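Oh and the sequence shown: position 2 is 60 in our numbering, straight run, nothing missing. Virtual Cβ for every residue (Gly too), placed ideally from N, Cα, C. Keep in mind that this is a model prediction, so the values were computed, not measured. Report on the following structure.
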Amino acid sequence: EVKMVNHLTEKQLKKNAITDNSDIFISNLTLVEVDNCNKLKELLTVADRNRTVASTKCNENSSRSHSVFRLKLNGKNNALGETCEAFVNLIDLAGSERLDKSEAEGERMKETQFINKSLHCLKSVITSLAQKESHIPFRNSKLTHILQSSLGGNCKTLMFVNIAPLEDSFQESLSSLRFATNVNKCYIGIAKQKKTASNKESN
């Protein structure tokens, strides 16, 4: 099963996201069952095509939204009668852009402000995790609320940070590298497998 968030801005997430048993449920998503890699690739292509892209002074093809692609895996051990499930979250974050450099106006400016705000909240979460603080501000934005299951414990997480090889982007690149350094300091625990006995075995 695949859950796709093709294009949900921070404003839309605020309207749709609710908490359900420490997990996040977002209405109006597409849930598709897949049984082969080709179907999965098709869905990734559709999700990417539906993503909002616009031209700014910084980037001709600037992503104007974060993208979340969630893959749910179900497994069963027929010999032991045990089942388990796991989630793989593929998350592509929109890049942070300074308003004075992007020269964004109108709707583009609002999108940039939403993106920068959510990325700032993510930075705060990473800083809190790196410093092992007792309270992690996952609920400060809908983006970090959605990412809680990927950063909050029973999981394995990989993060790739992209930087621009341009002198004009030095400050942004330095900020990204500092963020990556904080990510490397985070310890989110060891992923544990949860097993469930089948009805046949329990009977």
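Item, Value
"Between residue 149 and residue 175, what straight-line distance do the alpha-carbon atoms span, to the nearest angstrom?", "17 Å"
"If you draw a straight line from the alpha carbon of residue 181 to that of residue 102, how long is it in whole angstroms?", "27 Å"
"What three-state label does DSSP hand residue 244 in the structure shown?", "coil"
"Here's a check: name, in chain order, each residue in its chain whose Cβ is nearer than 7 Å to the Cβ of residue 9, leaving out the five neighbours to either side.", "Not covered by the structure: residue 9. The range shown for the chain is 59 to 261."
"Between the C-alpha atoms of residue 241 and residue 185, what's the straight-line distance to the nearest angstrom?", "8 Å"
"Could you tell me the alpha carbon to alpha carbon distance between residue 79 and residue 228, rounded to whole angstroms?", "Note on residue 79: pLDDT 47, under 50, position unreliable in the model; the coordinate value appears next. For residue 79 and residue 228, the distance between alpha carbons rounds to 43 Å."
"Whose C-alpha, out of 130, 87, 109, 123, is nearest the C-alpha of residue 98?", "130"
"Looking at the strands, I want to know which residues DSSP matches up with residue 125.", "150"
"Buried or exposed: residue 128, going by 16 or more other Cβ atoms within 10 Å of its Cβ?", "buried"
"Residue 152 and residue 193: beta carbons closer than 8 Å?", "no"
"Rank 233, 230, 93, 179 by C-alpha distance to the C-alpha of residue 195 and give the top, closest one.", "179"
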